[in-house]
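For the sequence shown, the numbering used here gives the first residue as 83, with consecutive numbering after it. Step one of this worksheet: look at the structure below.
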Amino acid sequence: MSREHRFGGRTAMRLWGIPFPVMWSLTEALEVIVPSDAASPRTARVKGRRLARSRADTWILQGLPVVDPVAALFTCAAEVTVAQAVAAIDALITTSSAYPGLGPGRPMASTSEIVDRLESWGRFPGSGTIKTAVPLARERVESPKETETRLMIVAAGLPEPVVQWEVRSEGRFIARVDLAYPELKIAIEYEGDGHRTERAQWRIDIRRQRDLEDGGWIVIRLTELDLSEGGATVLGRLRRAIAARS
83 MSREHRFGGR TAMRLWGIPF PVMWSLTEAL EVIVPSDAAS PRTARVKGRR
133 LARSRADTWI LQGLPVVDPV AALFTCAAEV TVAQAVAAID ALITTSSAYP
183 GLGPGRPMAS TSEIVDRLES WGRFPGSGTI KTAVPLARER VESPKETETR
233 LMIVAAGLPE PVVQWEVRSE GRFIARVDLA YPELKIAIEY EGDGHRTERA
283 QWRIDIRRQR DLEDGGWIVI RLTELDLSEG GATVLGRLRR AIAARS
């Protein structure tokens, strides 16, 4: 790579740890950004892309030059759906240190910064997808599956739940739940494999569910299987819980 080369697109998304819908593989080409007036590299398994110097800042991650996180998303915007873009933006704007795999800094960007960059970039492949996704993004999200769960609930016509709600009783912290309807005392929790395979986490989950239920909360738990099947069972249970509490 020359002095003005930097990683962008999928490669930059992976270096920043921003969620991308396609799993990485050994055959995936490295995406290298070059100035708009420079020649693209002609190397096997390298995809050269031109971008004006002013459109992206350069960061050094793990010793590698990479475009800033917003430019990383913009340079692969044409490859994602609106829902996938929301997951990426949720990761960019989260203030949580618990979000898995993200690069340095929280938040990595703000909603206003993304909007400003959209205006300065103008039209580009996938710009409409990003514009549609920005209003759907939420701060404090802690995983891509949490985003997917929230969007599934909203797409089903149900009210949007609150993200990362802290449950307290007489000033005492009880739990912070992924998604919640606080006024109805309904909590929705996505359980990744770590909740099953880590003994300490499993024990904590059992105790926190007991504490929530003792406080009058309905706790609805779901896994990847629920999401892959469209969530019909979970959504049905959620509808019944809302009806019972409304």
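Glycine included, C-beta positions come from ideal geometry on N, C-alpha and C. Values in this document were obtained by computation on a predicted structure and should not be read as measured data.
Beta-bridge annotation (DSSP): Thr315 is not paired with any residue. Relative to the Cα of Phe102, the nearest Cα in the group Ser179, Ala173, Pro117 and Ile235 belongs to Ala173.
In the three-state DSSP reduction, Gly204 falls in the coil class, being neither helix nor strand. In the structure shown, Phe102 falls within a coil segment according to DSSP collapsed to helix, strand and coil. Out of Val316, Lys129, Val128 and Gly145, the CA that lies nearest to the CA of Met234 is found in Val316. Close CB contacts of Glu224 within its chain, under the 6 Å cut and outside five residues either way in sequence, are with Ser178, Ala180 and Tyr181 (chain order).
With the rule of 3 Cβ pairs closer than 8 Å, the segment 137 to 149 counts as touching the segment 90 to 106.
Using a 10 angstroms sphere on the CB of Glu306, the tally of other CB atoms stays under 16, which defines it as exposed. In this structure Ile268 is in contact with Ile324, their Cβ atoms being roughly 7 Å apart against a cut-off of 8 Å. For Val148, the closest of Glu248, His87 and Trp247 by C-alpha to C-alpha distance is His87. DSSP places Ala154 in the uninterrupted alpha helix (DSSP H) bounded by Pro151 to Phe156. Contact between Gly90 and Ala153 is confirmed by a C-beta separation of about 7 Å, below the 8 Å threshold. Judged by DSSP secondary structure, Ala111 falls outside any beta strand (DSSP E); it is assigned neither H nor E.
Of the residues Ile212, Leu155 and Gly312, the one whose Cα lies closest to the Cα of Val236 is Gly312. Restricted to the segment 153 to 233, not a single beta strand (DSSP E) segment is unbroken, complete and at least 3 residues in length. In this structure, the alpha-carbon of Met83 lies about 14 Å from that of Thr93.
Under the three-state reduction of DSSP, Gln291 is assigned to helix.
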